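Residue numbers (the working numbering): 7 to 251.
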């Protein structure tokens, strides 16, 4: 039986990478999907992502989905996306806060070298857009030359705990997934901008390989399903053992 049957789900950053994988996997499990992103088209060059938008792929497969253009750093746009979900489907059951960015992964810097505008942009997007949050293992451990990104992701770990406590009386589950090094457009930026950093990351993987977006999506299904009925406030690494170091 589909584990997310008729669950109305809003997913930010759904056009590519992990967000797209979660949207497709949730739709396979019976959820109705509200896809949100700056653009419906993927920023990556992955053939499957470029050929068809996420919401069109879901509809083509027989599911229900809509797209709402949304900048997650703008509260009014997020409110509009939520209202659209309620208007279209009658309610909102699951919110997946996946959208995020990092400029310092393309150009690794130490904190005193970090541009203030870049710092503010990363913190605004990554911390204002958080109940299933797609975080990062860089919120659990230190990273290589990514102070703003690590600070923003570390903030989400504790924010997840706080939200879980605040909304527990309403039986609302708030959890975060912390992907390891997953082969997405952001990781390809690292690969192109700093091959030495990418090689160091590969060497640190206990499973000796990078994860794929669907590895994260499968765990996102578990945390949003009744299988996780007693789980809230956790930040779950999906990292091939990266944080076991």
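All C-beta atoms, glycine included, are put in the ideal place defined by N, C-alpha and C.
Everything numeric in this text was worked out from a predicted model, so none of it was measured.
DSSP lists 75 as the bridge partner or partners of residue 43. By the Cβ criterion, the stretch 97 to 108 is not in contact with the stretch 213 to 220, since fewer than three pairs of Cβ atoms, one from each stretch, lie closer than 8 Å. The continuous stretches of alpha helix (DSSP H) do not include residue 243, which lies in the beta strand (DSSP E) extending over residues 241 to 244. Exposed is the label assigned to residue 93, since fewer than 16 other Cβ atoms lie within 10 Å of its Cβ. Closest in C-alpha terms to residue 166, from the list 45, 241, 200, 199, comes 241.
Ranked by how close their Cα comes to the Cα of residue 183, the residues 250, 248, 226 have 226 in first place.
Under the DSSP assignment, residue 185 falls in the beta strand (DSSP E) whose first and last residues are 181 to 185. Cβ neighbours of residue 70 within its own chain (closer than 6 Å, five residues either side excluded): 38. Going by DSSP, residue 227 is part of the alpha helix (DSSP H) stretching over 219 to 230.
For residue 13, the number of other beta carbons within 10 angstroms of its own is at least 16, and it is reported as buried. Here residue 15 is not near residue 25, since their CB atoms are 9 Å or more apart. Taking 9 Å as the cut-off, the beta carbon of residue 178 is found no closer than this to the beta carbon of residue 104.
With 16 or more other Cβ atoms from the protein chains shown falling within 10 Å of its own Cβ, residue 35 counts as buried.
Take the alpha-carbon of residue 210 and the one of residue 249: they are about 10 Å apart. C-alpha of residue 204 to C-alpha of residue 239: approximately 31 Å in a straight line.
Within its own chain, the residues whose Cβ lies closer than 7 Å to the Cβ of residue 142, once the five positions on either side in sequence are excluded, are 159, 184, 185, listed in chain order.
By DSSP's assignment, residue 140 forms a beta bridge with 183. Per DSSP, the beta-bridge partners of residue 38 are 14. Taking the CA atoms as reference points, residue 43 sits about 25 Å from residue 170.
Here DSSP, grouped into helix, strand and coil, assigns residue 169 to helix.
Residue 230 sits close to residue 102, with the two beta carbons spaced by under 9 Å. DSSP places residue 64 inside the alpha helix (DSSP H), whose first and last residues are 60 to 66.
Rounded to the nearest whole angstrom, the C-alpha separation of residue 81 and residue 88 is 11 Å.
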